[in-house]
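All remarks here apply to the structure that follows.
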Amino acid sequence: MAYQKREQTQAQTQARKERVCYFCLNNISDVDYKDVRILQKFLSSFGKIVPRKRSRVCMKHQRKLSNAIKRARIMALLPFVQK
Numbered sequence: 000m001a002y003q004k005r006e007q008t009q010a011q012t013q014a015r016k017e018r019v020c021y022f023c024l025n026n027i028s029d030v031d032y033k034d035v036r037i038l039q040k041f042l043s044s045f046g047k048i049v050p051r052k053r054s055r056v057c058m059k060h061q062r063k064l065s066n067a068i069k070r071a072r073i074m075a076l077l078p079f080v081q082k
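The structure is reproduced here in structure tokens:
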């Protein structure tokens, strides 16, 4: 049997969102650990760092973001665990 290719519906093609990095879009070159307002956008409700698939951040900025969040936790700007 030959493999039959399914056609995608219009809803399926519209459902895909283009990945655009938040930091690249806003021309933010360095992720600052003191900017808690931005860092909190990339934390889950339990205080965990959100993965790249969910945060839609490029690999370069995801590494900088995770280091900044870890520094902010050590400096007591962010909690380690949310209540």
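Going by the working numbering, the residue at position 4 of the sequence shown is 3; the numbering climbs one at a time, nothing skipped.
C-beta atoms are modelled at their ideal positions from N, C-alpha and C, and glycine is treated no differently.
Residue burial classification, residue i (beta-carbon count within 10 angstroms, cutoff 16)
| i | result |
| --- | --- |
| tyrosine 2 | exposed |
| proline 61 | Correcting the residue type first, residue 61 is glutamine in the shown sequence and not proline. The residue in question, glutamine 61, is buried, as its Cβ has 16 or more Cβ neighbours within 10 Å. |
| lysine 63 | buried |
| phenylalanine 45 | exposed |
| valine 56 | buried |
| phenylalanine 41 | buried |
Three-state secondary structure (DSSP) of residue i
| i | result |
| --- | --- |
| isoleucine 27 | coil |
| leucine 77 | coil |
Residue range of the unbroken alpha helix (DSSP H) whose run includes residue i
| i | result |
| --- | --- |
| serine 99 | The structure shown does not extend to residue 99, since the chain spans only 0 to 82, so no value can be given for it. |
| isoleucine 48 | Isoleucine 48 -> no alpha helix (DSSP H), and no H or E assigned at all. |
| leucine 38 | 35-38 |
Residue i to residue j span [Cα, whole Å]
| i | j | result |
| --- | --- | --- |
| lysine 69 | glutamine 7 | 42 Å |
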